[in-house]
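Chains as they are written, first to last, in full-length UniProt numbering: chain A, 1 to 450; chain B, 1 to 450.
Heads up, the beta-carbon is just placed ideally off N, CA and C, and yes, glycines get one too.
Predicted model only: the values in this text are computed from it and were never measured.
Number of protein chains: 2
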Amino acid sequence: MAWNIKKLGQEDPRRVVHSLKVGLALTLVSTLYYLSLSKTFGVDAIWAVMTVVLVFEFSVGATLGKGLNRGMATLLAGGLSIGAHHLAKLTGHIGQPILILFLVFLQATISTFLRFFPKIKARYDYGMLIFILTFSMITVSGFRQDQILELAHKRLSTVSIGAAACVIVSIVVFPVWAGEDLHNLIALNIEKLGNSLEGFGDEYFKRTGGEESKDDKKFLEGYKSVLNSKNSEESLANFAAWEPCHGRFPFRHPWKLYLKVGTLARECAYRIQALNGCLNADIQASSEVSNIIQEACTKMSRESGKSLKELALAIKIMVQPSSADSHIENAKSAAKNIKSLLKSGIWEDIDLLKVIPGVTVASILIDVVTYTEKISESIYELASKAQFKSVEPTLSPKKLHSGQNQSVKSAQIVNCPDVGINVRESTLPSPPSENSSAPKASKQSMGVQI
Amino acid sequence: MAWNIKKLGQEDPRRVVHSLKVGLALTLVSTLYYLSLSKTFGVDAIWAVMTVVLVFEFSVGATLGKGLNRGMATLLAGGLSIGAHHLAKLTGHIGQPILILFLVFLQATISTFLRFFPKIKARYDYGMLIFILTFSMITVSGFRQDQILELAHKRLSTVSIGAAACVIVSIVVFPVWAGEDLHNLIALNIEKLGNSLEGFGDEYFKRTGGEESKDDKKFLEGYKSVLNSKNSEESLANFAAWEPCHGRFPFRHPWKLYLKVGTLARECAYRIQALNGCLNADIQASSEVSNIIQEACTKMSRESGKSLKELALAIKIMVQPSSADSHIENAKSAAKNIKSLLKSGIWEDIDLLKVIPGVTVASILIDVVTYTEKISESIYELASKAQFKSVEPTLSPKKLHSGQNQSVKSAQIVNCPDVGINVRESTLPSPPSENSSAPKASKQSMGVQI
């Protein structure tokens, strides 16, 4: 148990910080309750405390989204319930409860149905719930209390105080930005694909050569977490849409484009999954076949792996991904080579069954090169929409890496002088993780401060 | 907008029913509030209404899970907060608020951190939230009111009434069982794979033959929704674990095994995705290659498709999946054939580049046959753990289909005489749907009542 707790905290220290932040916000509002709220609002002041528990989420975007949803829904439901109350009053002593019950039924049914709309579900689900809650609560209880305006006013004030406390603590104390998480997650996923690909060629031909590698080859399976990252990407993008300008990301940063890159990365991961199947297949390419295709295949996997890692780096430090272009060209020329190799008469004397495993690997790799190019194009689109800084194309890749930091830094200083930039550049292969979740995204790389 | 609403309702009519059920439960409890609750519990009676809004979920399992979570968490937090209150009293006038604030901070921090544990998150997340909420609310407000025992008692009673109303309405009025949904979803997913596979062979060789098929080939893409069904499968399995015996499913039905079948189905879907890539590739197999491999490939795809459909049917009507065995054997013998074909000297005169697309398709199909067998094994395991009825192996597949209904019916009548069984047997290819969600699962098949 203790070991589990330690592991969970070490996997992402932000979890510990988040727990402390919730405790802090709750204690803050409770203190406020003792000092002044309960004198002003009486029993209803407890709503401020409750709001903190219900609204505080892991990322700023989720907290803001929930807080705004809760605030707006309470306001709207409060207004409508006052209207409903006045309407009910007109119907006399007997009609009043019946009309109120009917209105409660009607709004609950309609609002519940609206929650099924995918767009509403993604962004306003919590607001719809609070709308039903507040409307029912005020109309039903207001019927007895007859102080409905006061109740609505109290509830709105206390909810606002609670939500404000959440948002402030969430933003001021070690903020976790969903947008930044999404940015890092996408970069990390592409980097994982790059690592898996880069190592694949060598590993495959080592095995067909009969060598059993004893090193830890887990990084080859890093792509696996990409296969199932769709949901976390989508929810992060939804949360990010609520977030204001933060760090390197302006308000209305093109978060949707990250989803496009993510989808292509997933398509590429499916291909790498197929490659990995070849790695563990019963029948391996014979050594004579290996000798023929090894060079081009290794080059395709290594170069597309490298280009993906360059692309990941370009996303991370937010520059135009032009440094990946040369690797993509290399991979494409290798693909061209292997195609002409396959066309040549070299195969005529070889048993077809021995050729197949190698040829399968080659054709999947050709496909991977195509997807690498597509990913690169989508990242170019992202870079232009998000106005990533451009780097002089004359710089050599070596120079680029040392030069970029400089140029990014100065560019950033103009935009957001008060916000430090963390560029995390991982040089180690990322450990694979089946359940990689968003919060883990940036943890797995080592921080290089610019 | 009106069109959207209609479409949403038609896609799954249970959404409309669910909305009406929420309205009904809320109106019921509101009526109860007017008639007696508000006299007994005063202002706190409104908690019954709020509980309905917060606890009522789409499926019985989700509602039960939330209701039990809420009830247990309220009870536990109520007890602990009374203890905390007594402890705080001992510390005197000044120490009391400080100790209470400290306890609120402590429990909020610990409980929030516990929510990160995957197992707790899956089943008790809502309970943890309510625990923090109730504990904070009672200790903080109790400090002023000094009637803490009464508050705790009132809150527990009203929450119980609200939760009970939800559970009753959820079970009595057109219940939606998460377990049944999971069962149907897994069967539907396997059927989709079967449809995609069954049609693949013919379609592929039609295209390589230069024919452009004009029919709607959307069913070939049915597998796509399987790629991303992991999350809905897991949440349905979590909800199903809360559900009591219903229909054909006893309490403690092996829901976890469905997840195993689902995972294998997804692995198979990745392969079908690769096949579909071949279908749309630029370079197609030449006609001379097609002629050689067509028969065996078509047989592999058709027979494994048929076996998957038989397996899906076996899950649906809950019988031993023995009717799929013969198709799997056929597919395996076709795989054997193609392997020896590839070994033969037949290829020597053909340009390798023309051979590759066809050979790639063949080798993926061989892989698919392997996965079909794995799926079959996992379904056998499910069938034995879940005690599916066995059918005499001497029955021909034709007979089986008409005979099964009879045998299942009589078997069911012994177990659960009061519950009608819906066996949905879809004969039409299921329309593909990227966003296929659990609630849609059984809608896409036509009901055949037994």
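**Request:** Would you grab the beta carbon distance between Ser301 of chain B and Gly201 of chain B for me? Rounded to a whole angstrom, and I think it's under 8 angstroms.
**Result:** Along the second sequence, one-based indexing puts residue 301 of chain B at 301. Along the second sequence, one-based indexing puts residue 201 of chain B at 201. Sure, about 4 angstroms apart at Cβ, within 8 angstroms.
**Item:** Closest by C-alpha distance to Ala335 of chain A, when choosing among A:Val355, A:Val359, A:Thr40
**Value:** Translated into the one-based positions of the first sequence, residue 335 of chain A becomes position 335. Out of A:Val355, A:Val359, A:Thr40, A:Val359 has the C-alpha closest to the C-alpha of Ala335 of chain A.
**Asked** Measuring CA to CA, which of A:Ser344, A:Met318, A:Lys21, A:Val16 is closest to Ala165 of chain A?
**Response** One-based indexing of the first sequence puts residue 165 of chain A at position 165. Answer by Cα proximity: A:Lys21.
**Item:** Any chain A beta carbon closer than 8 angstroms to Asn189 of chain B
**Value:** The residue you call residue 189 of chain B lines up with position 189 of the second sequence. Closer than 8 angstroms: no.
**Request:** Would you kindly check if the distance between the Cβ of Pro357 of chain B and the Cβ of Gln294 of chain B is under 8 angstroms?
**Result:** Looking up residue 294 of chain B in the second sequence gives position 294. Looking up residue 357 of chain B in the second sequence gives position 357. Not in contact: Gln294 of chain B and Pro357 of chain B (Cβ atoms no closer than 8 angstroms).
**Message:** Which residue marks the beginning of the alpha helix (DSSP H) containing Asn228 of chain A, and which one marks its end?
**Reply:** For the purposes of this step, residue 228 of chain A is taken as residue 228 along the first sequence, with counting starting at 1. Note, Asn228 of chain A: premise wrong, no alpha helix (DSSP H); not H, not E.
**Asked** Skipping 5 residues on each side, what residues in its chain have a beta carbon closer than 8 angstroms to that of Val159 of chain A?
**Response** Position 159 of the first sequence, counted from the start, is the residue given in the question as residue 159 of chain A. Here the set comprises Trp47, Ala48, Thr51, Arg70, Gly71, Thr74.
**Request:** Locate the alpha helix (DSSP H) running through Trp47 of chain A, then write down its first and last residues.
**Result:** For the purposes of this step, residue 47 of chain A is taken as the residue at position 47 of the first sequence. 46 to 55 is the span of the alpha helix (DSSP H), which, as asked, contains Trp47 of chain A.
**Prompt:** Pick from B:Leu259, B:Ala84, B:Ser235: whose alpha carbon is nearest that of Ile148 of chain B?
**Reply:** For the purposes of this step, residue 148 of chain B is taken as residue 148 along the second sequence, with counting starting at 1. Ranking the options by Cα distance to Ile148 of chain B, first place goes to B:Ala84.
**Per DSSP, cross-strand counterpart(s) of Lys389 of chain A** = Residue numbering aside, residue 389 of chain A sits at position 389 when the first sequence is read from its first letter. Paired residues: A:Val319.
**Prompt:** Of all Cβ atoms in chain A, is any one closer than 8 angstroms to the Cβ of Phe116 of chain B?
**Reply:** As a working note, residue 116 of chain B is residue 116 in the second sequence. It does; some Cβ of chain A falls within 8 angstroms.
**Message:** Using only the alpha-carbon positions, how far apart do Leu8 of chain B and Phe116 of chain A sit?
**Reply:** The residue labelled residue 8 of chain B in the question sits at position 8 within the second sequence. The residue labelled residue 116 of chain A in the question sits at position 116 within the first sequence. Taking the straight line joining both Cα atoms gives about 8 angstroms.
**Asked** Taking only beta-carbon atoms, is Val159 of chain A less than 8 angstroms away from chain B?
**Response** Within the first sequence, residue 159 of chain A is the residue found at index 159, counting from 1. Output row for Val159 of chain A: interface = no.
**Item:** Residues near Met1 of chain B in its chain [Cβ-Cβ closer than 8 angstroms; skip 5 each side]
**Value:** Stepping through the second sequence from its first residue, residue 1 of chain B is reached at position 1. If we look at Met1 of chain B and ignore the five residues flanking it on each side, it has no Cβ neighbours.
**Prompt:** To the nearest whole angstrom, what separates the beta carbons of Lys109 of chain A and Ser19 of chain B, a pair I think is in contact under 8 angstroms?
**Reply:** As a first step, residue 109 of chain A must be located in the first sequence, where it is residue number 109. As a first step, residue 19 of chain B must be located in the second sequence, where it is residue number 19. The amino acid at residue 109 of chain A is misidentified as Lys; the sequence shows Thr. Confirmed, Cβ separation roughly 5 angstroms.
**Item:** Three-way DSSP call (helix, strand, coil) for His246 of chain B in this model
**Value:** Sequence index remark: in the second sequence, residue 246 of chain B carries index 246 (1-based). Here His246 of chain B sits in strand by DSSP.
**Request:** Starting from the beta carbon of Gly23 of chain B, find every residue of chain A whose beta carbon is closer than 9 angstroms, and list them in chain order.
**Result:** On the second sequence, position 23 is the one that residue 23 of chain B refers to. The contacting residues are Val104, Phe105, Leu106, Gln107, Ala108, Thr109, Ile110, Thr112.
**Prompt:** Looking at the C-beta of Gly277 of chain B, does it have a partner C-beta in chain A at a distance below 8 angstroms?
**Reply:** As a working note, residue 277 of chain B is residue 277 in the second sequence. Judged by the 8 angstroms Cβ criterion, Gly277 of chain B is in contact with chain A.
**Item:** Sequence-distant residues of the same chain with beta carbon closer than 8 angstroms to His327 of chain A, five excluded per side
**Value:** The count along the first sequence starts at 1 and reaches residue 327 of chain A at position 327. Cβ within range, chain order: Glu303, Ser304, Lys306, Ser307, Glu310.
**Message:** Which residues in chain B have a C-beta closer than 9 angstroms to the C-beta of Leu87 of chain A? List them in chain order.
**Reply:** Within the first sequence, residue 87 of chain A is the residue found at index 87, counting from 1. Neighbours of Leu87 of chain A on chain B: none; closest Cβ ~16 angstroms, over 9 angstroms.
**Asked** So which residues of chain A does Leu101 of chain B contact, with C-beta pairs closer than 7 angstroms?
**Response** For this step, residue 101 of chain B is matched to residue 101 along the second sequence. Here the neighbours are Thr27, Ser30, Thr31.
**Message:** In this structure, how does DSSP classify Ser445 of chain A when only helix, strand and coil are distinguished?
**Reply:** The sequence position of residue 445 of chain A within the first sequence is 445, counting from 1. Confidence in Ser445 of chain A is poor, its pLDDT being 31 and thus under 50, which makes the residue's placement too unreliable to answer from.
**Request:** Answer yes or no: does any C-beta atom of chain B fall closer than 8 angstroms to that of Leu80 of chain A?
**Result:** The residue labelled residue 80 of chain A in the question sits at position 80 within the first sequence. Answer no: the Cβ-Cβ gap between Leu80 of chain A and chain B never drops below 8 angstroms.
**Request:** Flag this pair as touching only if the stretch 29 to 45 of chain A and the stretch 87 to 106 of chain B have three or more C-beta atom pairs under 8 angstroms; answer yes or no.
**Result:** yes
**Asked** Taking contact to mean at least 3 C-beta pairs separated by less than 8 angstroms, is the stretch 177 to 184 of chain B in contact with the stretch 238 to 246 of chain B?
**Response** yes
**Message:** Along the stretch 233 to 264 of chain A, where does the CB come closer than 9 angstroms to a CB of chain E? Name the residues.
**Reply:** Note that chain E does not occur in the displayed structure, where the protein chains are A and B.
**Message:** Applying the 10 Å Cβ sphere with the 16-neighbour rule, what's the burial state of Thr134 of chain B?
**Reply:** In the second sequence, counting from the first residue as 1, residue 134 of chain B sits at position 134. Result: buried.
**Message:** Assuming contact is defined by CB atoms lying nearer than 8 angstroms, are Ala223 of chain B and Lys256 of chain B in contact in what I supplied?
**Reply:** By one-based count along the second sequence, residue 223 of chain B stands at place 223. By one-based count along the second sequence, residue 256 of chain B stands at place 256. Note that residue 223 of chain B corresponds to Tyr in the displayed sequence, not to Ala. It is not a contact, given that the beta carbons lie outside the stated cut-off.
**Item:** Counted within 10 angstroms of its Cβ, other Cβ atoms place Lys346 of chain B as buried (16 or more) or exposed
**Value:** Here residue 346 of chain B is taken as the residue at index 346 of the second sequence, counted from 1. Note that residue 346 of chain B is Ile in the sequence shown, not Lys. It counts as exposed.
**Message:** Is there a C-beta anywhere in chain A that falls below 8 angstroms from the one on Thr51 of chain B?
**Reply:** Residue numbering aside, residue 51 of chain B sits at position 51 when the second sequence is read from its first letter. It does not; no Cβ of chain A falls within 8 angstroms.
**Message:** So, under 8 angstroms CB-CB, Leu227 of chain A and Ala269 of chain A are touching, yes? Tell me the CB distance rounded to an integer number of Å.
**Reply:** Numbered from 1 along the first sequence, position 227 holds the residue referred to as residue 227 of chain A. Numbered from 1 along the first sequence, position 269 holds the residue referred to as residue 269 of chain A. Their Cβ separation, rounded to whole angstroms, is 5 angstroms, which keeps Leu227 of chain A and Ala269 of chain A in contact under 8 angstroms.
**Asked** Can you find a C-beta in chain A that's less than 8 angstroms from the C-beta of Leu382 of chain B?
**Response** The sequence position of residue 382 of chain B within the second sequence is 382, counting from 1. It does not: the Cβ of Leu382 of chain B has no partner Cβ on chain A nearer than 8 angstroms.
**Item:** Three-way DSSP call (helix, strand, coil) for Lys399 of chain B in this model
**Value:** As a working mapping, residue 399 of chain B is identified with position 399 in the second sequence. Reliability fails at Lys399 of chain B, whose pLDDT of 41 lies under 50, so the model's placement of it is uncertain and the value that follows must be treated cautiously. Three-state result, Lys399 of chain B: helix.
**Request:** State whether the stretch 225 to 239 of chain B contacts the stretch 315 to 329 of chain B, with contact taken as three or more CB pairs (one from each stretch) at a distance under 8 angstroms.
**Result:** no
**Request:** Determine the burial state of Leu342 of chain B: buried for a count of at least 16 other Cβ atoms within 10 Å of its Cβ, exposed for fewer.
**Result:** For the purposes of this step, residue 342 of chain B is taken as residue 342 along the second sequence, with counting starting at 1. Buried is the call here.
**Prompt:** Apart from the five residues on each side of it in sequence, which residues of its chain come closer than 6 angstroms, Cβ to Cβ, to Ala62 of chain A?
**Reply:** For the purposes of this step, residue 62 of chain A is identified with residue 62 of the first sequence, where counting begins at 1. Taken in chain order, the residues that qualify are Phe239.
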